[in-house]
Amino acid sequence: MSKRKILIVDDELSVRQSLQEWFLEDGFDVETAEDGAVALRKMDAGPYDIILLDLKMPGMDGITVQKRIRDVDKDACIIILTAYASVETAVEALKLGAFDYVTKPVDPDDLSNLVKNALRQRELSEENVRLKEKVSELAQATPIIGESPKMQRVFELIRTVAETDSTVVIRGESGTGKELIARAIHAQSKRRFFPIVAVNAGSIPETLLESELFGHEKGAFTGAQYRRKGKIELAHGGTLFLDEIGDITGKMQIDLLRVLETKRFTRLGGNQEIASDFRLVCATHKNLEQLVQSGDFREDLYYRINVFSIEIPPLRERTQDIQPLARHFIAAYARAMGKPVRSLSPEALQLLEGYRWPGNVRELENAIERAMVIGKGTTIEPEDLPLRAGPGENQVSDRSLADMERVHIERVLEELDGNITQAAKVLGIDRATLYNKLKRYGIRR
Amino acid sequence: MSVAGSIYLAYLNGYLPRWVTVLDRGVADVFPFPVRRLELHLDLHGAFSPDRKQYHATLLLAGLLRHLPEPESKILGVTAVDLFAPVLTFVFGQSQLDGAGAVISTYRLRQEYYGLRDDEGLLIDRAVKEAVHELGHAFGLVHCPDFECVMRASSSIEEVDLKRSTFCPACLTELEASTAWR
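Protein chains in written order, with numbering that gives the first Met the number 0: chain A, 0 to 444; chain B, 0 to 181.
Here's what the structure looks like:
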């Protein structure tokens, strides 16, 4: 183990020398400084495990030095040396975060215990950091598979927004993995050491949703035999993931808006206000703007939640993700089922890539799971898949000309990473015509 | 690190307790060097602090080192006066880490200091431990985490009593590996 480092800051030479001898005999790597300026220069070389700091020094006083040291190393473990006359100043130093203080001259036993305690705290603090890193590694959300430029853009947005505390709306069709994205945002945010609490507003009746979100006191309603904390309370410090926010009723919209504005709420049947510091990440498969226009979604709530928006493209718009996703699910189910299935045949892959996937990634996962159950060998074949090259989405002959045109434009744009000029050239039309078609089909670049 | 010759136990300013031979032998049992006795008179006026009514250990040690008989040797001063270091209320002893000299005081090793009945056997035991401990520093050893090793730091008399007067295997190995030991 490397030697522990200690810095002694005192204007009295005799104090510096005697403490230096004391700590050298204790096996420390000892540095001394006669004033704050020298101490701060020595700290440039790296942090110290313990800093013994005299409060009364000519020039920069100990309190100022302490503040400056904290600027350099916010975790510095500072022990204040003081004369009896300046105990009040020592108390001020403690309020500023000093570990402890000793009055000069100090009993060797007290100094020895103080240094042991300080080192113990330092070790615990270091261990805490190591454990947090470990937890952070373990707390990483389920990996999101996506090699397409559109998904790479989504990952970039996740990284950007995760660091902030902004409310996020995740939009995407059913089955695109909106909750995975919410979990990825949480896992990369500073709130990752606190829980992410998920509520699916679309699957719970309004009366239950209210209790689910806000909790209730005993006797709040028939059947409320015990007090129960709501999801908002449970999300304190962390993230509240509210799925299908476009489905909540007008009353719930008002209640939610109030919580978002005040970060306070009351349990059902209770009168005590409870504070909860949470970040809201919500998701919807609906067009919120249309809901606002039709009066089904409050405009004030819309503006409150729509701070940052992430759109997850449907699977049919990122066919190049189908193969890696399929491989991922095959590996996962092979482990879970103990089956020797390892791959997809080229024909099976072609079938998957030609399908429209209205149920998106969730449907693909179900298709792979089913194929793994049915399949006999080590490779998934077309006949193992619950998709058929007969009547269905993947059969070209069933599609309208407009549908074919839309799909083709989407594919060309995706391959060219949304470049309109090049796409128009490949499609053999001018840019204005392409813009008109994009507008008509509601294609977003 | 210098090559050691002898270890001189220097009894200071007329302090020559009747058990000096036991202390001499205790040191000789641990260190494989000739242990010789000196009786020295140092001018301690400069080391005395009237405010604290104690003697400045570093200044006393500096005075002692002027009497080092041979450059290759070690000298340990033994005194009955109370010692202090400027920032500490007292010290049992002081040493030059990896140096030539050290000093111990029996002032706070006595049971009477703690309001207890005199116990000469315990005093000798403590004095041997402190002498070996400070000489250990002079041979370059630092404090040891082993509770029973003589190089364990002791800032109270209870901690002195807890440890033995001998080195733990790790400290002994380190000591034997040092140039001074060979």
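Positions of the beta carbon are idealized from the N, C-alpha and C atoms, including for glycine.
- Judged by beta-carbon spacing, G61 of chain A lies within the 8 Å limit of I79 of chain A, meaning their Cβ atoms are closer than that value.
- Using a CB distance cut-off of 8 Å, Q93 of chain B counts as an interface residue toward chain A.
- Each residue's CA atom was taken as its position, placing T81 of chain A and K73 of chain A some 22 Å apart.
- A buried status is given to F328 of chain A, since no fewer than 16 other beta-carbon atoms sit within 10 Å of its beta-carbon.
- Taking the C-beta atoms as reference points, F83 of chain B is found nearer than 8 Å to H55 of chain B.
- Going by C-alpha positions, I367 of chain A is about 45 Å away from T265 of chain A.
- In this structure, K66 of chain A places its C-beta atom within 8 Å of the C-beta atom of L95 of chain A.
- DSSP places N359 of chain A in the uninterrupted alpha helix (DSSP H) bounded by 359-373.
- Distances from the CA of W21 of chain A to each of A:T63, A:M56, A:V105, A:D70 were compared; the closest alpha carbon is that of A:V105.
- The beta carbons of S147 of chain A and R326 of chain A sit no closer together than 8 Å.
- The three-state reading of DSSP puts Q93 of chain B in strand, counting E and B together.
- The alpha-carbon of I309 of chain A is positioned some 33 Å away from that of L267 of chain A.
- Taking 8 Å as the CB threshold, E126 of chain A stays off the interface with chain B.
- Taking 8 Å as the CB threshold, G61 of chain A stays off the interface with chain B.
- The beta carbons of H132 of chain B and V149 of chain B sit about 5 Å from each other, so the pair counts as a contact at 8 Å.
- If you draw a straight line from the Cα of A89 of chain A to the Cα of G214 of chain A, it is about 46 Å long.
- The segment 228-245 of chain A makes contact with the segment 186-199 of chain A: 3 or more CB pairs, one atom from each, lie closer than 8 Å.
- In this structure, the straight-line span from the alpha carbon of E111 of chain B to that of R36 of chain B is close to 27 Å.
- Judged by DSSP in its simplified three-state form, G218 of chain A adopts coil rather than helix or strand.
- Counted as a single uninterrupted DSSP element, the beta strand (DSSP E) harbouring N199 of chain A occupies residues 195-199.
- For Y354 of chain A, there is no enclosing beta strand (DSSP E), as DSSP marks it with neither H nor E.
- Proximity of chain B to Q224 of chain A at the Cβ level (cut-off 9 Å) is not reached, the minimal Cβ distance being about 57 Å.
- Contact of S164 of chain B with chain A is not assigned, every C-beta pair being separated by 8 Å or more.
- Of all alpha-carbon atoms in A:I253, A:N418, A:K424, the one lying nearest the alpha-carbon of R443 of chain A is that of A:N418.
- Listed by position along chain A, the residues whose Cβ is nearer than 7 Å to that of V80 of chain B form an empty set, because the closest Cβ is around 17 Å away.
- Here A38 of chain A is actually not in contact with V14 of chain A; their C-beta atoms are around 14 Å apart, not less than 8 Å.
- Considering only beta carbons, the part of the segment 126-141 of chain B lying closer than 8 Å to chain A consists of H136, V141, in chain order.
- The segment 169-187 of chain A makes no contact with the segment 207-225 of chain A; the number of CB pairs closer than 8 Å stays below 3.
- The beta-carbon of P57 of chain A is placed no less than 8 Å from the nearest beta-carbon of chain B.
- In chain order, I50, L52, Q65, I68, A97, F98 place their CB closer than 7 Å to the CB of I77 of chain A, counting only its own chain and leaving out the 5 sequence neighbours on each side.
- Buried is the label assigned to S94 of chain B, since at least 16 other Cβ atoms lie within 10 Å of its Cβ.
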